[in-house]
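In the UniProt record's numbering, the protein residues as written are 1 to 328.
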Amino acid sequence: MQTYTAIAHTNIALIKYWGKKDDKFIIPFNNSLSLTLDRFYTKTSAQPITAATDSFVLDGQAQSGAALSKVTSFLDILRAETGSTQRLAINSTNHVPTAAGLASSASGFAALTLASCAAFGLQLPRRTLSRLARRGSGSACRSIYGGFVEWKKGQDDLTSFATPLAANEQVDLDIAMIALVVSAQAKKVTSRQGMATTVATSPFYPAFVKSCETDLLAIKQAIDAQDLEKVGQIAESNALKMHATNLGATPPFSYFLPETLVAIAAIQQLRAKGFLCYFTMDAGPNVKVICRGQEALKIQAELQALLPNTEMLLAYPGPGAKIVNSES
Ligand code: PMV
């Protein structure tokens, strides 16, 4: 039987999604904005099968238990939404270093959505694919597109989807990201748990949501003006505000480790020397440096000298998700 293969790249948010208004449909409280990266991606094939249940192979290993049911539950959503009854054999490979805090769930669910819908025999508009990917993991809706991507929060399932900032999905700004793998330790609080606790208990949460509105407007203007310094400043401040909401939660929690603060100090040290470099962080201890593409190798070398034991992975803007083949 035919196999349908899709590739989707990871994305890193510059304006963060942190908190759901609706848990079932994954409708966020605020719009977010990300950059899709070229270097890290998931490749997923879906093959229609006549078996009674779906199967799932990840990085060459047949999955069972929670990992399999996460995929079958998502395929059930896709089947319910598209009217398909087709069972699938899913085979997925992550070209994303594990535990690097690079959100393989975003590329994973985006690739799974494309490959599965193709295997159901459907050719869906990308807006629909973005809405469907959102149901797997919120940030996955942004990985449908390349370059800078905004997730418009909307108010329900139909109106919450991502859209590229530039129609051609190209990035004119000279931007790169360096992922600093400061710790490979598994995170203690998943993004799902972290968001839920913060939304329910942190008095700082409403202030974060409010400031995302102004940060989003300002960063879009800075991107238009190709002002990377501004982009970096806004992204760094937005990430710190997101992490501040967690300190205000009950019980309080933080994704920062001692190594995180050491990495941040190194970035600040380079900045004091005149380098343009800022950082962002997601639901884990690792730090992503935002810098000019042209200067990225130099900044990486400077950081490596300050942080000799830290693995560093350099990435540039990347493309949207696509079907790469459908073969018999
Ligand atoms: O899509 P999720 O459920 O993995 O949540 C992602 C949340 C952050 O990475 C922290 C922020 C974001 O906008 O990607």
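Ideal Cβ placement from N, Cα and C applies to all residues, glycine included.
CB of residue i within 8 Å of CB of residue j, strictly
i, j, result
"valine 209", "phenylalanine 25", "no"
"proline 125", "valine 149", "no"
"residue 393", "leucine 35", "This structure gives no information on residue 393, because the portion of the chain shown stretches from 1 to 328."
"leucine 228", "arginine 271", "no"
"glutamate 236", "threonine 280", "yes"
"alanine 115", "serine 183", "no"
"lysine 20", "isoleucine 27", "yes"
"phenylalanine 74", "glycine 121", "no"
"threonine 201", "threonine 250", "yes"
"glutamine 47", "leucine 88", "yes"
"alanine 110", "alanine 133", "yes"
"threonine 93", "aspartate 59", "yes"
"glycine 138", "alanine 283", "no"
"tryptophan 18", "threonine 245", "yes"
"glycine 248", "isoleucine 290", "no"
"serine 107", "alanine 6", "no"
"aspartate 38", "tyrosine 316", "yes"
"serine 105", "alanine 140", "yes"
"asparagine 31", "lysine 152", "yes"
"alanine 187", "tyrosine 255", "Residue identity differs from the one stated: residue 187 is lysine in this sequence, not alanine. Cβ atoms of lysine 187 and tyrosine 255: closer than 8 Å."
"isoleucine 219", "leucine 14", "yes"
"glutamine 269", "leucine 297", "no"
"threonine 50", "histidine 95", "no"
"residue 401", "threonine 197", "With the chain running from 1 to 328 in the structure shown, residue 401 is simply not present."
"leucine 276", "proline 97", "no"
DSSP state of residue i mapped onto helix, strand, coil
i, result
"proline 258", "helix"
"alanine 8", "strand"
"isoleucine 144", "helix"
"threonine 44", "strand"
"phenylalanine 208", "helix"
"valine 287", "strand"
"lysine 298", "helix"
"valine 171", "coil"
"lysine 20", "strand"
"alanine 176", "strand"
"asparagine 309", "coil"
"residue 342", "Residue 342 lies beyond the stretch modelled for the chain, which goes from 1 to 328, so this question has no answer here."
"valine 231", "helix"
"valine 199", "helix"
"lysine 187", "coil"
"threonine 280", "strand"
"leucine 314", "strand"
"lysine 220", "helix"
"residue 355", "Shown here, the chain extends from 1 to 328; a query on residue 355 therefore has no answer."
"lysine 153", "coil"
"lysine 241", "helix"
The ligand GDP heavy atom lying under 7 Å from the CB of residue i
i, result
"proline 285", "The model depicted lacks the ligand GDP and carries the ligand PMV instead."
For this session: Please specify which runs of the beta strand (DSSP E), each continuous and at least 3 residues long, are wholly inside the region 27–114, giving them in chain order.
Result: 32–49, 55–58 and 87–95
Exercise. Within the chosen definition, does the region 137–146 reach the region 173–181 through at least 3 CB pairs nearer than 8 Å?
Worked result: no
For this session: Check each residue's C-beta against every heavy atom of the ligand PMV and list, in chain order, those closer than 5 Å.
Result: Ala13, Lys16, Tyr17, Ser32, Ser105, Ser137, Gly138, Ser139, Ser191, Asp282 and Ala283
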